[in-house]
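Residue 1005 is where the sequence shown starts when you use the numbering used here, and the numbers rise one by one after that. Don't be surprised by glycine CBs; every beta carbon is placed ideally from N, CA and C. Note that the structure is a prediction, hence the values are computed from the model and not measured.
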Amino acid sequence: MKILLADDAPGIRSFISTVLRQMGYRDVVEAEDGGQAWATLNTTRIDLLLTDWNMPVMSGLELLEKVRRQAGYENLPVLIFTGRNTKDDVVNAVRSGASGYLVKPFTVQQFSAKIRELISKDLRGQIDQFLKNRDPLARTDAHPLILFGEETASAEQLLQPERETAARFLTHAMASYHRLQQRFPDFKVGYGLLTSTGAITKHLRFLQARVKLLLLSTRLPGGGVTLARLASINSRTAIRIMVVCDALNELTSKERSGLERLGIFLIERERFKTEELEQLINEFVFAKSIDSAPIASLPPREIRNRLERDIQHMVDLPVLPQVYNRIVELDRDRDSEINKWIQAIETDPLCQAQVIRRASSPVYGFRGKISEVNKAVLLLGKVAIKELVVSGVVRRVFSGDKENKFLLEAFWVHSVAVAVTARLLALPLDPAQQTPAQQRELEELALSPENIAALKGFACWQRLPLTSAQDPYLGGMMHDIGKAALVQAFPGLFPTIVEHLSARQWQVPMLAAEEEVAGGADHASLGAILAANWHLGPEVERVVENHHRATTADPFSALIGLADFIAGGLYPYPRQAAFPAIALIGGARSPLLDETAAQTPAPPSLEAAQHFLPPGLLAELSLPLEDLVALGLSLAPIIRRFTENMRRSI
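Here it is as structure tokens:
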């Protein structure tokens, strides 16, 4: 805030300047008389004028009268301090436009109180004006827009001491906006103030062609930086995006550098007063009306390129432990020696502990205590070791995700359940098509006659045949890695998506909610980028990206899409979800739900459940949804058994 202090007495100026600095106001310009003060007012934007009455060249009262006649200073707060204390003097000062009157001599406490009163009153009036003059943001209008994203739009909250900097920034923006409107009376521009990433995203969707300047506070609920990046990824028009902070050190050097590379400006509130904001708004809104029509839709490749560029500049993606790559490599070689498996496990202490704990489980019926890795590997076998390593690695890699409402346990268990389900669906039940390893798997699964009948009726291994390179367990474990990556890459976004799902009563799949809230930055797209970064191979990368949109032309992705539907009815993610599949397959409650979860899922609805499967897939397979639900109900006990066994092993 810039304060002009006019008094011909150096001692008084020194005293008042000292008090102002102690109050936190350091931007003080001094004038020795009224004439000098008037010259300053004509060259510098002032937020508060403090003036003595009796001064040479021009008195304080004459200065006040000139100020009130000057365009732009009609509402400038002005405090007159003087030794003149008659009633007529006070009346004359007030009639001339004085905002306050202070009689000399005064104490520090009296002066401080009067300054706070004036500033508070002035700020209240300006904030009220700012809020009153907001644009209705109607779809039917066509004029350009400036959008502000702040943590609150309440005058009472904006006037709290901790938000004074934000309030001042908005009032400076309003002043610059009005000055430009006076300069360009025939060019209508509106401004809006929104207080959540969800609200801004919604308005950008239908107002994007009109929004020319987007100013997002780092305090914005849901994350101003995250929204700035998403707006950059999804923008179909020329729009200038800026992140507004109280201090640059709020962000890391990598974040600042990344935003700059993405073409997103970073500005400090204190450094952008009316003149600076006027120049900025003039440059990007008034001086040039960006008339380019919005692109109807962005090509998927362009979205992918923007998302990859954003991730490259802003995020350190997690790294897979070396043991994962080694075990997957050994698994692809059917003739790999068991000693090499043992050596691979021995390189990773966490995997060692998990393998030994799993081998010691009563499930395997070994009575003695197992404490050596080689014995544990021999007992469990290659398939169980691979599944244990893959499951454990996914959990370990994302253990640092602390986002609100992202629960790692529920995410991981859902992935395990999908992997187990995919493994069940993919197993051939025709003995002529079974390998020795698959025969052993069937024995281990101990399927009931009802299970076998249901699987044979569905005949997934025939309808969606996999190649030897397509591992259903691996695909199931990795299919949702994009959800965890979303949390790491875009802080604040995941809770917004969950809130959106809840508001829609869980009747839309998560991918649809992501597209509505975040545009192209959905978990399938981001997961595909992470899968490529991890070198999971084109088969798994395709599953991660396409399991919600799969067709029979991509049997692996289609299989995982079906497994995701069944497992989602038993182990939903998010944990508190009430997706239709839960009521159809999982019953009243899933074993993983707790007091934070939906107590009563929505009534079973086959029509609603259709939206949670790849569009048209069941029609391609000539299978009714009722048969898929029946299969899920039949397999539910065995899926739960193997999922819980894995949970106890990790």
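Taking a cut-off of 8 Å for Cβ pairs, the segment 1347–1356 and the segment 1628–1646 do not touch, as fewer than three such pairs fall below it.
Taking 9 Å as the cut-off, the beta carbon of A1554 is found no closer than this to the beta carbon of G1480. Per DSSP, I1285 has no beta bridge partner at all. A straight-line Cα-Cα distance of about 26 Å links N1408 and L1270. Secondary structure within the segment 1042–1081: the alpha helix (DSSP H) runs of 4 or more consecutive residues, fully enclosed, are 1064–1073 (chain order).
According to DSSP, T1086 shares a beta bridge with V1107. Separation of A1179 and Y1029 (C-alpha to C-alpha, rounded to the nearest whole angstrom) is 20 Å.
Pairing V1023 with L1008 gives a Cβ-Cβ distance that is not under 9 Å. Taken atom to atom, the span from the alpha-carbon of R1143 to that of M1514 is near 27 Å. P1628 sits exposed, since fewer than 16 C-beta atoms from the chains shown fall within 10 Å of its C-beta. In this chain, the alpha helix (DSSP H) harbouring K1390 covers 1386–1401. When the beta-carbon positions are compared, T1201 and G1153 come within less than 9 Å of each other. L1446 and Q1438 have their alpha carbons spaced roughly 10 Å apart. For M1005, there is no enclosing beta strand (DSSP E), as DSSP gives it neither H nor E. Per DSSP, the unbroken beta strand (DSSP E) holding A1035 starts and ends at 1032–1035. Short of 7 Å from the beta carbon of A1421, and not among the five residues preceding or following it, lie these beta carbons of its own chain, in chain order: A1571, L1574, Y1575, I1643, T1647. Looking at the DSSP output, S1221 bridges to V1248. By the beta-carbon neighbour count (other beta carbons within 10 angstroms, threshold 16), L1252 is exposed. The C-alpha of M1482 lies about 37 Å from the C-alpha of R1244.
A residue is called buried once 16 or more other Cβ atoms fall within 10 Å of its Cβ, and R1399 is buried on that count.
Following the DSSP letters along the chain, one finds F1173 inside the alpha helix (DSSP H) bounded by residues 1168–1187. In the DSSP assignment, L1639 falls outside any beta strand (DSSP E) and lies within the alpha helix (DSSP H) extending over 1629–1653. Rounded to whole angstroms, the separation of the alpha carbons of F1115 and G1039 is 24 Å. Secondary structure of Y1577 (DSSP, three-state): coil. Using a Cβ distance threshold of 9 Å, L1052 and I1119 count as a contacting pair.
Assignment of beta-bridge partners to F1269 by DSSP yields M1246. Excluding its 5 nearest sequence neighbours in each direction, M1059 has C-beta neighbours in its own chain below 6 Å: D1012, D1037, G1038, listed in chain order. For the 9 Å CB-CB criterion, V1098 and P1148 do not form a contact.
When DSSP states are grouped into helix, strand and coil, F1152 belongs to the strand group. Contact check for F1085 against L1068 fails: the beta carbons are separated by 9 Å or more.
Ranking L1621, R1214, F1188 by CA distance to the CA of D1558 puts L1621 first. Here F1494 is buried, its C-beta having at least 16 other C-beta atoms within 10 Å. The Cβ-Cβ distance between F1569 and L1468 does not fall below 9 Å. In the three-state reduction of the DSSP assignment, Y1195 falls in the strand class, which pools E and B. Separation of the CB atoms of L1234 and V1247 is rounded to 12 Å, and the pair is thereby denied contact status at 8 Å.
Taking 9 Å as the cut-off, the Cβ atoms of S1365 and N1649 count as close.
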